[in-house]
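Asker:
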Amino acid sequence: MEQEGRTNGGATSSPNLVVPTEITTPDWIEAYHNEEVDIFDHDNRKGDTSPQNNRSDPHKQQTHRQLDKHPCRFCPYSSSSATTVAIHERTHTGERPFSCGACEKTFRRKASLIVHVRIHTGEKPFKCNTCSRAFNHKSNLAEHERIHTGEKPFRCNTCSRAFTRKYQLANHERTHTREKPFKCNTCSRAFGHKRTLVEHTRIHTGEKPFKCNTCSRAFIQKSSLAIHERTHTREKPYKCETCSRVFASHAGLQNHRKIHRK
């Protein structure tokens, strides 16, 4: 899914989308749902770009497709759809003409804005037929359904591990390559996972978004909050297979195991 952006000093204007500066009625929601979602032409249509009377002539079909190609102004990319090229060029220009009426986030594509708006409305139109879960995006439903089917289509070429999601494979492959593409802008540290960088950045900003509902403590990481909450619930889900002692955290279990290795 497309990465979200933010406006500088307020919502950006859009030539195709009217965004109110204040949200006093649900009208802004209707504005997005009345917009036509962008359809992307990935050049997978076999001969559909040629006129009907040329479909019987392969040479004419090829000539027609070549004439209809629209090139990107910045790279070798081209497409038979001028709209697709215009949207692609925004990856070069940084233009994000579609802004959310509820927050300051901006998007390159109208379709991405429509999906984002569901965060504010709570709409989850894609429902799992196996369980009661519902999702705001079709791709999220497809990923979830693999939990039920056991399908793991993303396989590592270096080892035998397979994953339900593409990003999980990408994260795993970095354990082989040692690549750390996510760099901190404040210090020199780099990380293999984007989530780890986000968590590290909070050390510099002091942000602690995960708050305990029982006491006033807050944490940088969600996992740290989960461990802390067990001090209230007394839950100890990690059990030593050697002596049956139990621990509130996996780190506690790992430290305990050293006793048995001596």
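Counting from 1, position 141 in the sequence shown corresponds to residue 141 in my numbering; the numbering is continuous, with no gaps. Note that the Cβ used here is the ideal one computed from N, Cα and C, for glycine as well.
What is the DSSP secondary structure of Lys-258, counted as helix, strand or coil?
Answerer: It is helical.
Asker: Along the chain, where does the alpha helix (DSSP H) containing Lys-180 start, and where does it finish?
Answerer: Neither: Lys-180 is in no alpha helix (DSSP H) and is coded neither H nor E.
Asker: What first and last residue would you give for the alpha helix (DSSP H) that runs through Lys-194?
Answerer: Note, Lys-194: alpha helix (DSSP H), 194-205.
Asker: Give me the residue from Thr-106, Ser-188, Ser-216, Pro-209 with the minimum Cα distance to Ser-223.
Answerer: Answer by Cα proximity: Pro-209.
Asker: Can you check whether the CB of Thr-130 is closer than 8 angstroms to the CB of Arg-146?
Answerer: Taking 8 angstroms as the Cβ cut-off, Arg-146 and Thr-130 do not qualify as a contacting pair.
Asker: Apart from the five residues just before and just after Asn-136, which ones in its own chain have a Cβ nearer than 8 angstroms to its Cβ?
Answerer: Excluding sequence neighbours, Asn-136 sits near Val-115, Arg-118, Ile-119, Glu-123, Lys-124, Pro-125, Phe-126.
Asker: Where does Ala-86 sit, in a helix, a strand or coil, going by DSSP?
Answerer: In this structure, Ala-86 counts as helix in the three-state DSSP scheme.
Asker: Is DSSP giving Gly-252 helix, strand or coil here?
Answerer: Note: Gly-252 maps to helix in three-state DSSP.
Asker: So, with DSSP's three-state summary, where would you put Arg-155?
Answerer: If DSSP states are grouped into helix, strand and coil, Arg-155 belongs with the strands.
Asker: Does Gly-150 pass the burial test, meaning 16 or more other C-beta atoms within 10 Å, or should it be called exposed?
Answerer: It counts as exposed.
Asker: For Cys-100, is the classification buried or exposed, using 16 other Cβ atoms within 10 angstroms of its Cβ as the cut-off for buried?
Answerer: Its Cβ being crowded by 16 or more others within 10 Å, Cys-100 is buried.
Asker: Going by the CB atoms, is the gap between Cys-72 and Ser-78 shorter than 8 angstroms?
Answerer: Going by C-beta atoms, Ser-78 is nearer than 8 angstroms to Cys-72.
Asker: Please look up how many angstroms separate the CB atoms of Thr-158 and His-176, rounded, as I've assumed it's under 8 angstroms.
Answerer: Contact holds; Cβ gap of about 5 angstroms.
Asker: When you compare only the Cα positions, how much space is there between Leu-141 and Lys-152?
Answerer: Computed Cα separation, rounded: 15 angstroms.
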